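Peer 1: Residue numbers (my numbering), protein chains in the order written: chain A, 5 to 783; chain B, 67 to 319. Beta carbons: idealized from backbone N, C-alpha and C, even for Gly. Just so you know, these numbers come straight off a predicted model, no measurement behind them.
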């Protein structure tokens, strides 16, 4: 009997049931997908890192190496399991030609390091996570280039320098645990041992990776100290296993977290809709509930009747969500499985999404019980007598038609209703606000990432061109020549030489650690500081956000550095944001010693009207082998994959938010129109045409949407930036300020949302007909 | 005498479930002269209200024709019909039919503001005159929940008259009122009729019908009888009621 009742009820309210189903399904889909994404991400990274034998500590080094000294250190240290020195041949991008295009890689921000497959650990894997082996004449190219140039197996790679030219056939693609992410600006390319020896004869620039595999990965920081104290080469960057892991998981991890956040919003919306439909259904059914109570059916049993219906909807919807998540996962997996491979699915891979969906189901049921507690409060007599639980006398004292001299009647009726039923319309407005927020935050963030101002978060002021020179024997001389050249170049507006060198810093517990500090004039290409300002005197220092956080330093605190053999106490003058070099950098006005310089750099702006591309080419030729980067290119190339992932997320949230807006509008106005049936009949009898009445609903929807857009914009600027900053703070940017494209943010997106909502309202209002549901309901 | 409303062979049927048509109005013919006061009686479900809504253009007829002041309404668009109701008709319902959100005054002036034939100041002035005339002058800003049923029905009359319509339709306008309030409302309607307004109302109360000039009796979707009572003079009310009652009994009411 009860079963028959709820089945009939579902059949009667098909649209509302369908919409509720959709909301719960989408929530379940999102939770299941994000849970599964996070799980699979970690499993894949683990699987991949295990197969690749990722070292626990890697020291990059550009000078000469004494391997005997290294072996001695390794055998003395009980921490070291194995040591391996990887010799890489650095080849300038302008000597490399990918595919049939015939264009060299000149202009690429990537450093190309040619290597042999390693023997002991740190294996370069193929796309099946197997150790790759290339034969003479063959080459294995990193995934990054494969994507950039749409390379395929069998394509060619040509190396040419002067009279030397050699063509390789692509036999495989490299999955490199150390350098895979596009944010890492060097890439390892694998050739056969014999070809490698040939290349060595023609290209003389070398770089080493000094790699250590430890017995116990947990003791990496202990080892780091030991290594630094040993006097072994430590001029270049040092990276640990944990950092590799973080770098690799970042892009997909951020995506998963964003989807998780979106699903939280979605669940909130789903619950609001549930509450709204349940209360509306209760109000509609209050007479029947009164009858049931009057004939002696217990409150609990009546509640069961309602619960049964929602239980069926919630159960089927959350299961459908899990099923859909299996497909949705594919879309987001593409990037991950290409970059790190896919771990075999195990039981956990299926249990976690199911658990996620199960949580949604339980939450929905709990919530339903909570809402249905109202049953107890309905008195049979009252229900039978009034047939309604709503309070009477809802007229507003503020808005009066006879006091409004000019407002057209339909607009007045629509807007006044919004004010009178503020609580009801507030729900719709809240959902619109959330929808707009859901769209605008990723869009603004994407725009921020694409903007040249994103440089701010990379620890450098914005400039046109940046020239990097790495440590070589004659670097100091070449650097001075370069400065002289730029100084006399009339095309240059301003330039700032910046030198990064390593210093020893004494931590609070007396241990010396190596830090890299940039010195130079920071006023020419100013950086927005999180707090404080750039160092202005030679006893001041500025730290990046993560750096300051790790050391627990605040503005005004002091740090002790060894400068020219003497301890110098520096005051922390400012904290800035930097996502490069693991987010830990520093800036100060210190004298530097040539032997401790890590790299030299010049930032410059050309005069208006000067073609930057040509200038870049001119410098690349003049300062060879320095790396000359057009900064706009640099951003788009290093952030490329993050941006494309973010674009996917933006598209997904846009679609989801528009779908939500459409569903809630349809749900809301369909219920409202049924509820307003008697008023609609009255207005029709008075001479309002259907068109007028529909217009009133559109006015309502418009008014609420406008409020939603305004609130959503405000929320995006405050809360949205906060959420993004929180996510980005893990990477080193703790205060992200959106660069807003006003046309997109204030025109295009509101218009799209407007179009979706208004069209849906219009369609819903088409149910107002002379003989339709509303007319029948009124009778 | 001019004919204000003429209905010829009006049929109206609803579909009930699949392949099942229920005929509610069957070949109804009817004429309403200017200045008449007509009532329609009949048992529950005989089609009284449907007739009212069909000939006023609120509901679509299945076949037949209805002309209001010579204008055929069957072929008019929904838009034009609404315009016609706005300018030429007034409605009074059993339950006042006031919009919940608006005060009594705002409800009254709503159709006039909508019609935009006069300035809002003129409309406001007419509303206050009408309220004076119907004895609810102090209730302009009241909410519908704050006043009595009788007061509400007077306000409904004011609203029906705000656009100075050619016909006022009433669907059981006294149905929810006690006898005192009912008498008061009928007194107002009678006075209105005396000043020239054409009124047609549906009622099941013989005492109410006795105050109108002509009574139509409906049964099973047809008009099966008509009784002309003529202009009402105070003295003869009891006699009219008695005559009407015996006629109704004859008709099987």
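Of all the CB atoms in chain C, is at least one closer than 8 Å to the CB of residue 244 of chain B?
Peer 2: This model lacks chain C altogether; the protein chains it does include are A and B.
Peer 1: Using beta carbons (cut-off 8 Å, strictly below), is residue 393 of chain A in contact with chain B?
Peer 2: With a pLDDT of 47 at residue 393 of chain A, under the threshold of 50, the modelled position of this residue cannot be trusted; read the value that follows with caution. With 8 Å as the cut-off, residue 393 of chain A does not count as an interface residue toward chain B.
Peer 1: Please report whether the beta-carbon of residue 768 of chain A lies at a distance below 8 Å from any beta-carbon of chain B.
Peer 2: no
Peer 1: Suppose you measure from the CA of residue 167 of chain B to the CA of residue 355 of chain A; what does that come to, to the nearest Å?
Peer 2: 52 Å
Peer 1: Label residue 751 of chain A either buried or exposed according to how many other C-beta atoms from any shown protein chain fall within 10 Å of its C-beta, with 16 as the threshold for buried.
Peer 2: Flag for residue 751 of chain A reads exposed.
Peer 1: Going by the beta-carbon positions, is the gap between residue 640 of chain A and residue 500 of chain A smaller than 8 Å?
Peer 2: no
Peer 1: For residue 724 of chain A, is the classification buried or exposed, using 16 other Cβ atoms within 10 angstroms of its Cβ as the cut-off for buried?
Peer 2: That one is buried.
Peer 1: So residue 587 of chain A packs on residue 736 of chain A, CB below 8 Å; how close in whole Å?
Peer 2: 3 Å
Peer 1: Distance, Cα to Cα, residue 188 of chain B vs residue 229 of chain B?
Peer 2: 11 Å
Peer 1: Go ahead and label residue 385 of chain A buried or exposed: buried means 16 or more other beta carbons lie within 10 angstroms of its beta carbon, across all protein chains shown.
Peer 2: exposed
Peer 1: Pull up the distance between the alpha-carbon of residue 687 of chain A and that of residue 414 of chain A, whole angstroms please.
Peer 2: In a straight line, the C-alpha of residue 687 of chain A is about 11 Å away from that of residue 414 of chain A.
Peer 1: Which residues does DSSP list as the beta-bridge partners of residue 165 of chain A?
Peer 2: A:168
Peer 1: Which class does residue 84 of chain B belong to by DSSP, given the choice of helix, strand or coil?
Peer 2: coil
Peer 1: Under 9 Å Cβ-Cβ, which residues of chain B neighbour residue 404 of chain A?
Peer 2: 168, 169, 171, 172 and 207
Peer 1: Just to make sure I have the definition right: I need the residues of chain A whose C-beta is within less than 9 Å of the C-beta of residue 149 of chain B. Which are they?
Peer 2: 691 and 693
Peer 1: With 16 as the cutoff for other CB atoms within 10 Å, does residue 260 of chain B come out buried or exposed?
Peer 2: exposed
Peer 1: According to the Cβ coordinates, are residue 161 of chain A and residue 143 of chain A closer than 8 Å?
Peer 2: Yes, these two residues count as a Cβ contact at 8 Å.
Peer 1: What span of residues does the alpha helix (DSSP H) with residue 51 of chain A cover, start to end?
Peer 2: 18-56
Peer 1: Going by DSSP, what residue range makes up the beta strand (DSSP E) through residue 501 of chain A?
Peer 2: 496-510
Peer 1: Where residue 395 of chain A and residue 100 of chain B are concerned, what is the direct C-alpha to C-alpha distance, given to the nearest angstrom?
Peer 2: With a pLDDT of 44 at residue 395 of chain A, under the threshold of 50, the predicted position of this residue should be treated as unreliable, though the coordinate-derived value follows. Taking the straight line from one Cα to the other gives about 43 Å.
Peer 1: Report the rounded CA-to-CA distance for residue 59 of chain B versus residue 240 of chain B, giving the unit in angstroms.
Peer 2: Absent from the structure is residue 59 of chain B, since the part of chain B shown begins at 67 and ends at 319.
Peer 1: Quick one: what does DSSP say residue 114 of chain A is sitting in, helix, strand or coil?
Peer 2: Shown here, residue 114 of chain A sits in coil according to DSSP, grouped into three states, outside any helix or strand.
Peer 1: Given that a residue counts as buried once 16 or more other Cβ atoms are within 10 Å of its Cβ, and exposed if not, what is residue 628 of chain A?
Peer 2: exposed
Peer 1: Using 8 Å as the threshold, is the C-beta distance between residue 728 of chain A and residue 272 of chain A below it?
Peer 2: no
Peer 1: Going by alpha carbons, who is nearest to residue 422 of chain A out of A:233, A:706 and A:665?
Peer 2: A:706
Peer 1: Tell me, please, whether the stretch 343-362 of chain A touches the stretch 51-67 of chain A by the rule of three or more beta-carbon pairs shorter than 8 Å.
Peer 2: yes
Peer 1: Just by C-beta distance, which residues in the stretch 700-727 of chain A are closer than 8 Å to chain B?
Peer 2: For chain B, none of the residues of the stretch 700-727 of chain A brings a beta carbon within less than 8 Å of one of its beta carbons.
Peer 1: According to DSSP, what are the bridge partners of residue 291 of chain B?
Peer 2: Beta-bridge pairing links residue 291 of chain B to B:283.
Peer 1: Helix, strand or coil, according to DSSP, for residue 219 of chain B in the structure here?
Peer 2: helix
Peer 1: Buried or exposed for residue 476 of chain A, going by 16 or more other Cβ atoms inside 10 Å?
Peer 2: exposed
Peer 1: Let me know the secondary structure DSSP gives residue 371 of chain A once reduced to three states.
Peer 2: Three-state DSSP puts residue 371 of chain A in a helix.
Peer 1: Terminal residues of the continuous alpha helix (DSSP H) containing residue 551 of chain A?
Peer 2: 549-555
Peer 1: Hey, out of A:124, A:667, A:171 and A:35, whose CA is closest to residue 104 of chain A's CA?
Peer 2: Among A:124, A:667, A:171 and A:35, the Cα nearest to that of residue 104 of chain A is on A:171.
Peer 1: What are the partner residues of residue 105 of chain B, as DSSP defines its beta bridges?
Peer 2: B:267 and B:281
Peer 1: Could you name the residues of the same chain whose beta carbon sits closer than 6 Å to that of residue 483 of chain A, not counting the 5 residues immediately before and after it, in chain order?
Peer 2: So the qualifying residues of the chain are 473 and 604.
Peer 1: Are the beta-carbon atoms of residue 225 of chain B and residue 92 of chain B separated by less than 8 Å?
Peer 2: Judged by their CB atoms, residue 225 of chain B and residue 92 of chain B are not nearer to each other than the 8 Å cut-off.
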